[in-house]
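Take a look at the structure set out below.
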Amino acid sequence: MAQSSINPLSHSPGVVAQFSIAGLSETDENPSQRIRDFPHRGISSNEAFSIEAESDEDPETEGDEAARPKPKRSPSRKRGGHFDVLLQSIHYFLDRGEIVKASRAYGLILHLRPSGLPIDIRHHDLWAVGAEILMREGEETSQQDEGSHDNQPNSTKRWGRAANMSKVKAYFDALIQRHPYDYKTPKVVSALDFWIAQFSCEIYNTHTEHILALDRLDSEIDEDSRRESFGNDESTTSDETDSVEARKLHKKDELRVQALSIMMDITKRMDVLMQDMPYSRNQHYLRLRAMASFYMADLVLPISPISQYQAEAGQKARLLEQQSARNHLERIITYGGELDKAAWEALSPSDDVEGDTSIPLYSSLPIRGL
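Each residue of the sequence shown is one higher than the last, beginning at 1 in the UniProt record's numbering.
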């Protein structure tokens with residue numbers, strides 16, 4: 001009975017030890033239900049490199065089938081098994097939204113010393129996994145606190161938390177300083193990749209927080225209107241309706257200006273980098289910059305009632321941002337890159353379409369699987 005109280009599922013001591021290495025507790029689901037032969041299954045040729053090559057391989061060879069070292073039967077293979085178990089566990093925890101457990105397993109991976117050398121997080125996309133863990137930190141608590149909003153069918157969901165952006169930026173800044181771009185090894189994961197990921201996170205965060213703020217505003221206005229209608233026996237007058245609508249438009253314009261200010265700061269920093277190679281010709285960087293301009297083209301248009309002069313100025317600014325975006329897309333083609341369907345449509349919109357020409361958020365965010 002004492003044993004079952006400590007180990008409720010009656011796992012063997014060996015299984016419990018493997019659970020501990022993977023950051024699991026005795027009460028967690030047994031990964032062997034999902035991973036065949038857990039934890040002793042070997043890695044297939046389509047999976048990550050073995051751990052003995054972790055410190056020797058060049059990050060630029062990742063994904064190259066021919067460059068992958070052949071599995072070796074050596075004592076270090078056991079450490080490779082530990083690495084694979086931990087990496088599988090991290091992805092498993094992230095998929096389930098168990099960020100605390102993912103963070104714990106990530107810390108264990110960083111403490112591994114294959115061949116006596118520290119883990120290089122540029123391998124196996126560990127740098128991106130680390131960014132995701134930072135961005136999603138506290139996600140469970142946040143979702144519980146906001147559980148009341150789940151009943152709203154149109155409520156916008158977001159990835160990560162805005163409160164974590166400062167930590168994510170500091171994380172990328174450290175990586176950028178530690179791993180600068182080297183022209184001699186252009187395919188090695190470097191500051192180029194980290195800048196793209198950081199700007200993607202910043203743009204995504206700005207856009208999502210803007211949309212969420214608009215959602216909250218609509219809910220607040222609707223709630224205020226309901227309270228006022230319950231408090232008045234007479235029908236709501238047109239003046240009161242106009243007042244509510246004016247207040248709503250004014251607040252929306254404040255949110256627009258706030259988002260525009262943040263985007264102007266982001267694009268200013270992007271343009272500074274684009275003065276030099278490789279940023280000025282990188283396909284992913286140019287597409288991200290184009291997306292930022294398309295978003296700004298929507299933000300420069302005032303929402304509140306304005307004068308004809310202000311309306312014309314807004315339209316002019318919108319056209320300039322749209323043209324800037326198309327210029328960046330054209331440079332992708334000039335330098336031998338390719339555009340997807342959304343980018344092509346944004347580059348050459350049909351004459352009868354005057355609406356939104358923005359392209360979907362580029363999937364260079366440090367999210368697994370994108």
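In this text, a Cβ means the ideal position worked out from N, Cα and C, and glycines have one as well.
- Within a 10 Å sphere around the beta-carbon of S89 sit 16 or more other beta-carbons, which makes this residue buried.
- In this model, K248 and S219 are separated by some 11 angstroms (Cα to Cα).
- Rounded to the nearest angstrom, the Cβ distance from R122 to V168 is 17 angstroms, too far for a contact under 8 angstroms.
- Selection T185, I99 and E202 evaluated against A162 yields E202 as nearest (Cα-Cα).
- I119 is positioned such that its CB atom lies no closer than 7 angstroms to that of L108.
- W127: member of the alpha helix (DSSP H) spanning L126 to M135, first to last residue.
- For Q323, the enclosing alpha helix (DSSP H) covers residues Q308 to T334.
- Cβ-Cβ distances below 7 angstroms link R318 to A297, V300 and L301 in the same chain, with the five nearest sequence neighbours on each side left out; the list follows chain order.
- For L299, the enclosing alpha helix (DSSP H) begins and ends at Q283 to L299.
- For R287, the closest alpha carbon among the candidates H207, K268 and A325 is that of A325.
- The Cβ atoms of I196 and Y335 do not sit closer than 7 angstroms to each other.
- Under the 10 Å beta carbon count, P114 is surrounded by 16 or more other beta carbons and is classified as buried.
- The criterion of a C-beta distance shorter than 7 angstroms is satisfied by K251 and L217.
- Pairing Y279 with I211, the inter-Cα distance amounts to about 29 angstroms.
- No residue range can be given for A162, since it is assigned to no alpha helix (DSSP H) and is classified by DSSP as neither H nor E.
- If you ignore the 5 residues before and after A105, its C-beta comes within less than 6 angstroms of the C-beta of G23, L86, S89 and I90, all in its own chain and listed in chain order.
- Approximately 7 angstroms separates the beta-carbon atoms of G160 and E139; this is inside 8 angstroms, confirming the contact.
- With a cut-off of 8 angstroms on Cβ pairs, the stretch 256–265 is not in contact with the stretch 307–321, counting fewer than three such pairs.
- For S89, the three-state secondary structure derived from DSSP is helix.
- The DSSP-derived three-state label of P114 is helix.
- I133 is the residue among G81, I133, S166 and W127 whose C-alpha sits nearest the C-alpha of K101.
- The beta carbon of T267 lies closer than 8 angstroms to those of R289, A292, S293 and M296 in the same chain, with the five residues before and after it left out.
- Remark: C-beta atoms of Q283 and G337 approach each other more closely than 7 angstroms.
- Approximately 5 angstroms separates the beta-carbon atoms of T206 and I262; this is inside 8 angstroms, confirming the contact.
- Using a Cβ distance threshold of 7 angstroms, A170 and P180 do not count as a contacting pair.
- In this chain, the alpha helix (DSSP H) harbouring K341 covers K341 to L347.
- Counting only residues of its own chain and dropping the five nearest sequence neighbours on each side, Q198 has a CB closer than 7 angstroms to the CB of K169 and F172.
- When the beta-carbon positions are compared, D253 and I221 stay at least 7 angstroms from each other.
- DSSP places G107 within a helical segment (H, G or I) once states are collapsed to three.
- It is roughly 33 angstroms from the alpha-carbon of L329 to the alpha-carbon of P305.
- Out of Y92, L112 and L94, the CA that lies nearest to the CA of F83 is found in L112.
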